[in-house]
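Undergrad:
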Amino acid sequence: MTQNSLALYMHFPFCLKKCGYCSFISYPDKLESVPDYVNCLKKEIKLRAEGLCLHSLYFGGGTPSLLSPSQVADIMSSIQTISHLLPGTEITFEANPGTLSLPYLEQLSGLGINRLSLGIQSFSDAELTMLGRLHDAQQARHIYKQARTAGFDNINLDLIYGLPHSTLLSFKANLSEMLKLEPEHISLYGLTLEEDTPMYLQVQKGLLPFMDSEIAADQYQLAEEMLESAGYHHYEISNWAKPGYESRHNLTYWQNRSYLGLGVAGHSFFQNWRTANTIDLDEYLLCWQNNSSPSPSENINVDLANQLAETIILGLRLDKGVTAEDIEARFGTCVMDMYYPQIQECVELGLLEEHDGCIRLTPRGRLLSNEVFWRFLP
Ligand code: SF4
Numbered sequence: 001m002t003q004n005s006l007a008l009y010m011h012f013p014f015c016l017k018k019c020g021y022c023s024f025i026s027y028p029d030k031l032e033s034v035p036d037y038v039n040c041l042k043k044e045i046k047l048r049a050e051g052l053c054l055h056s057l058y059f060g061g062g063t064p065s066l067l068s069p070s071q072v073a074d075i076m077s078s079i080q081t082i083s084h085l086l087p088g089t090e091i092t093f094e095a096n097p098g099t100l101s102l103p104y105l106e107q108l109s110g111l112g113i114n115r116l117s118l119g120i121q122s123f124s125d126a127e128l129t130m131l132g133r134l135h136d137a138q139q140a141r142h143i144y145k146q147a148r149t150a151g152f153d154n155i156n157l158d159l160i161y162g163l164p165h166s167t168l169l170s171f172k173a174n175l176s177e178m179l180k181l182e183p184e185h186i187s188l189y190g191l192t193l194e195e196d197t198p199m200y201l202q203v204q205k206g207l208l209p210f211m212d213s214e215i216a217a218d219q220y221q222l223a224e225e226m227l228e229s230a231g232y233h234h235y236e237i238s239n240w241a242k243p244g245y246e247s248r249h250n251l252t253y254w255q256n257r258s259y260l261g262l263g264v265a266g267h268s269f270f271q272n273w274r275t276a277n278t279i280d281l282d283e284y285l286l287c288w289q290n291n292s293s294p295s296p297s298e299n300i301n302v303d304l305a306n307q308l309a310e311t312i313i314l315g316l317r318l319d320k321g322v323t324a325e326d327i328e329a330r331f332g333t334c335v336m337d338m339y340y341p342q343i344q345e346c347v348e349l350g351l352l353e354e355h356d357g358c359i360r361l362t363p364r365g366r367l368l369s370n371e372v373f374w375r376f377l378p
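Here the UniProt record's numbering is used: the first residue of the sequence shown is 1, the next is one more, and so on.
#1: Starting from PRO87, trace the beta strand (DSSP E) in both directions and tell me its first and last residue.
#2: Taking the beta carbon of SER187 as the centre, do at least 16 other beta carbons fall within 10 Å, making it buried, or is it exposed?
#3: At what residue ranges does the stretch 209-287 contain a whole run of the alpha helix (DSSP H), taking only runs of 4 or more?
#4: Can you give the Cα-Cα distance for LEU16 and MET76, rounded to whole angstroms?
#5: Sort LEU52, LEU41, ASN39 by Cα distance to SER5 and report the nearest one.
#6: Alpha carbons only, please: which of TYR200, VAL335, ARG366 is nearest the one belonging to GLY350?
#7: Does the CB of THR311 have a neighbour CB from chain B at under 8 Å?
#8: So, GLY162 versus LEU191, is the Cβ gap smaller than 8 Å?
#9: Report yes if the C-beta distance between residue 379 and LEU118 is below 8 Å; otherwise report no.
#10: Is there contact between the stretch 125-142 and the stretch 98-107, where contact requires at least three CB pairs shorter than 8 Å?
#11: Looking at C-alpha atoms only, which residue of GLU184, VAL335, HIS165 is the closest neighbour of MET199?
#12: Is DSSP giving ASN154 helix, strand or coil here?
#13: Mind checking whether LEU128 and GLY263 have CB atoms under 8 Å apart?
#14: Would the beta-carbon of THR275 be found less than 7 Å away from any heavy atom of ligand 1?
#15: Which whole-angstrom value is the C-beta distance of PHE123 and GLU177, which I expect to be below 8 Å?
#16: Applying the 10 Å Cβ sphere with the 16-neighbour rule, what's the burial state of LEU207?
#17: Decide yes or no for the touch test of the stretch 240-251 against the stretch 293-311: beta carbon pairs closer than 8 Å, at least 3 of them.
#18: Would you kindly work out how many angstroms separate the C-alpha atoms of residue 379 and THR167, rounded to a whole number?
#19: Under three-state DSSP, which class holds GLU328?
#20: Applying the criterion that 16 or more other CB atoms from any shown protein chain within 10 Å of the CB defines a buried residue, is ARG364 buried or exposed?
#21: What I want to know is whether the C-beta of ASN156 ends up closer than 7 Å to one or more non-hydrogen atoms of ligand 1.
#22: Is it true that the CB of ARG115 sits closer than 8 Å to the CB of LEU260?
#23: Check whether the Cβ atoms of SER26 and GLY60 sit closer than 8 Å, and answer yes or no.
#24: Does PHE12 come out as helix, strand or coil in the three-state DSSP assignment?
#25: So, helix, strand or coil for TYR144, using DSSP?
#26: Is SER26 near ligand 1, going by C-beta to nearest heavy atom under 7 Å?
#27: Would PHE12 and THR89 qualify as a contact pair, given that the criterion is a beta-carbon distance under 8 Å?
#28: Does the Cβ of GLY62 lie closer than 7 Å to at least one heavy atom of ligand 1?
#29: Quick one: measure Cβ to Cβ for TYR21 and THR197, integer angstroms, because I've assumed they're closer than 8 Å.
#30: Using 8 Å as the cut-off, can you tell me whether the stretch 68-83 makes contact with the stretch 325-332, which would need three or more C-beta pairs spanning the two stretches below that distance?
#31: For the beta strand (DSSP E) that ASN370 lies in, which residues bound it at each end?
#32: Do you know whose CA, among VAL335, ILE120, ASN370, lies nearest GLN139's CA?
#33: Would you list the residues sitting across from CYS53 in a DSSP beta bridge?
#34: Would you report the Cα separation of ASP74 and PRO87, rounded to the nearest angstrom?
#35: Would the beta-carbon of ILE279 fall within 8 Å of that of SER297?
#36: Whose C-alpha, out of SER109, LEU131, LEU179, is nearest the C-alpha of ARG141?
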């Protein structure tokens with residue numbers, strides 16, 4: 001990663017079916033549009049990524065593993081032709097275990113994809129059924145091993161805590177199963193149900209219980225203990241990695257550095273502008289097929305005061321926190337002076353600790369991070 005390099009995210013808004021908790025931009029009934037989407041994405045790449053120096057590529061979704069290997073190759077070649085990939089560029093591919101096979105994984109690896117992110121979510125078949133996932137636990141274990149056979153030596157597994165019906169014991173079984181696989185990186189997300197999701201409606205109708213937030217907090221704390229003793233570094237609120245395997249792509253976000261998000265719903269922060277692409281697949285396709293770029297759904301010039309606040313809030317998500325030295329170098333201001341009352345208040349509340357010109361969340365602050373973050377807003 002250099003001061004001037006960027007992370008490039010590409011969104012693939014297609015899925016075979018909608019999971020019960022999903023509020024991401026993904027279309028379960030438009031697979032016939034994938035070839036057109038790839039063509040449009042290549043046009044957007046050519047217009048927006050030309051001449052850029054990149055330290056990370058990320059195929060996210062949705063379900064990127066619905067792309068054929070030749071479509072992935074086509075996209076990779078579009079990027080490599082017009083932009084410069086730094087040596088060792090991290091190239092992540094999100095994949096749904098229910099859509100993978102050994103030949104497919106071997107082809108991805110052969111194309112230079114060097115990091116795989118598997119949406120495992122749980123190792124309990126009952127929980128996977130409740131979530132509406134395509135795969136079962138046995139398939140997840142099998143695909144993980146196939147990924148190793150295909151040569152992937154940097155694998156992230158996603159797991160969800162705070163599921164209805166789950167207990168501390170059932171979550172411990174999930175964590176143990178995951179640790180047996182020894183992935184390099186683990187992302188752990190608490191279940192949140194947006195109002196328009198089927199699982200939210202099931203909870204409203206009494207068909208699923210509300211999740212007890214105290215059990216969810218205990219599960220998170222258990223994960224901290226078990227993952228730390230297994231040698232994982234808790235480097236961000238929701239992320240753990242073996243040493244040297246922290247996600248370079250996501251660090252770009254948390255360090256509030258530049259990134260470009262392409263495709264439907266892609267978000268960018270570049271040259272002081274925060275922009276968001278349309279979330280409407282038909283609009284995206286129609287515009288690019290007519291060689292015009294769709295109007296962004298958000299286009300905001302971020303002034304220095306907001307950049308400073310965002311850099312502090314995002315940086316506090318990281319275990320190493322925010323150092324006065326970094327903020328001084330980037331914004332020419334002393335964070336300790338500027339935010340003295342906020343920092344003191346959070347320290348007194350046990351949410352922040354301050355040491356040697358560095359502020360970071362305490363374990364309690366990690367659980368109640370929003371209580372800290374709002375205080376730094378301009
Ligand atoms: S696979 Fe991911 S993006 Fe697709 S429906 Fe499920 S949660 Fe949403």
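Ideal Cβ placement from N, Cα and C applies to all residues, glycine included.
These numbers come from a predicted model, not from an experiment.
TA: Inspection of the coordinates gives the following:
#1: Locating residue 87 in the sequence shown gives position 87, where the first residue counts as 1. 84-95 is the extent of the beta strand (DSSP E) around PRO87.
#2: The residue given as residue 187 occupies position 187 in the sequence shown. Classification of SER187: buried, given that the 10 Å Cβ count is 16 or more.
#3: 213-229, 248-254
#4: Mapped onto the sequence shown, residue 16 falls at position 16. Mapped onto the sequence shown, residue 76 falls at position 76. Near 23 Å, if we compare the C-alpha coordinates of MET76 and LEU16.
#5: Mapped onto the sequence shown, residue 5 falls at position 5. When each option's Cα is compared against that of SER5, the closest is LEU52.
#6: Translated into positions along the sequence shown, residue 350 becomes position 350. Considering only alpha carbons, the answer is ARG366.
#7: Going by chain labels, chain B is absent from the structure shown, which holds only one protein chain.
#8: Residue mapping note: residue 162 aligns to position 162 of the sequence shown, counting from 1. Residue mapping note: residue 191 aligns to position 191 of the sequence shown, counting from 1. LEU191 sits close to GLY162, with the two beta carbons spaced by under 8 Å.
#9: Residue 379 is absent from the structure shown; the chain starts at 1 and stops at 378.
#10: yes
#11: Here residue 199 refers to the residue found at position 199 of the sequence shown. Comparing Cα positions, the closest option is HIS165.
#12: The residue labelled residue 154 in the question sits at position 154 within the sequence shown. Here ASN154 sits in coil by DSSP.
#13: Residue 128 sits at position 128 when you count from the first residue of the sequence shown. Residue 263 sits at position 263 when you count from the first residue of the sequence shown. No. Outside cutoff.
#14: Here residue 275 corresponds to residue number 275 of the sequence shown, with the count starting at 1. Because no heavy atom of ligand 1 lies under 7 Å away, the Cβ of THR275 does not count as near it: no.
#15: Here residue 123 corresponds to residue number 123 of the sequence shown, with the count starting at 1. Here residue 177 corresponds to residue number 177 of the sequence shown, with the count starting at 1. Contact holds; Cβ gap of about 4 Å.
#16: Here residue 207 corresponds to residue number 207 of the sequence shown, with the count starting at 1. So LEU207 ends up on the exposed side.
#17: no
#18: Limits of the chain in this structure are 1 at one end and 378 at the other, which puts residue 379 out of reach.
#19: For the purposes of this step, residue 328 is taken as the residue at position 328 of the sequence shown. The three-state reading of DSSP puts GLU328 in helix, counting H, G and I together.
#20: Counting from 1 along the sequence shown, the entry for residue 364 is found at position 364. The residue is exposed, with fewer than 16 neighbouring Cβ atoms inside 10 Å.
#21: Locating residue 156 in the sequence shown gives position 156, counting from the first residue. Not under cutoff, so the answer is no.
#22: One-based indexing of the sequence shown puts residue 260 at position 260. One-based indexing of the sequence shown puts residue 115 at position 115. Against a cut-off of 8 Å, the Cβ pair of ARG115 and LEU260 comes out as no contact.
#23: Numbered from its first residue, the sequence shown carries residue 26 at position 26. Numbered from its first residue, the sequence shown carries residue 60 at position 60. No, they are not a contact pair.
#24: Against the sequence shown, residue 12 aligns to sequence position 12. Three-state result, PHE12: strand.
#25: Counting from one through the sequence shown, the residue named residue 144 turns up at place 144. The answer is helix: DSSP assigns TYR144 an H, G or I state.
#26: As a position in the sequence shown, residue 26 is number 26, starting the count at 1. The answer is yes for SER26.
#27: Here the question's residue 12 lines up with position 12 in the sequence shown. Here the question's residue 89 lines up with position 89 in the sequence shown. No, they are not a contact pair.
#28: Looking up residue 62 in the sequence shown gives position 62. The answer is yes for GLY62.
#29: Here the question's residue 21 lines up with position 21 in the sequence shown. Here the question's residue 197 lines up with position 197 in the sequence shown. The C-beta separation of TYR21 from THR197 comes to about 5 Å, placing the pair in contact by the 8 Å criterion.
#30: no
#31: Against the sequence shown, residue 370 aligns to sequence position 370. Where ASN370 is concerned, there is no enclosing beta strand (DSSP E), although the alpha helix (DSSP H) it sits in stretches over 369-373.
#32: Taking the first residue of the sequence shown as 1, we reach residue 139 at position 139. The shortest C-alpha separation from GLN139 is found at ILE120.
#33: Position 53 of the sequence shown holds residue 53. CYS53 is bridged to HIS84.
#34: As a working note, residue 74 is residue 74 in the sequence shown. As a working note, residue 87 is residue 87 in the sequence shown. Taking the straight line joining both Cα atoms gives about 20 Å.
#35: Here the question's residue 279 lines up with position 279 in the sequence shown. Here the question's residue 297 lines up with position 297 in the sequence shown. In this structure, SER297 lies closer than 8 Å to ILE279 by Cβ.
#36: Walking along the sequence shown from the start, residue 141 turns up at place 141. Per the Cα distances, LEU179.
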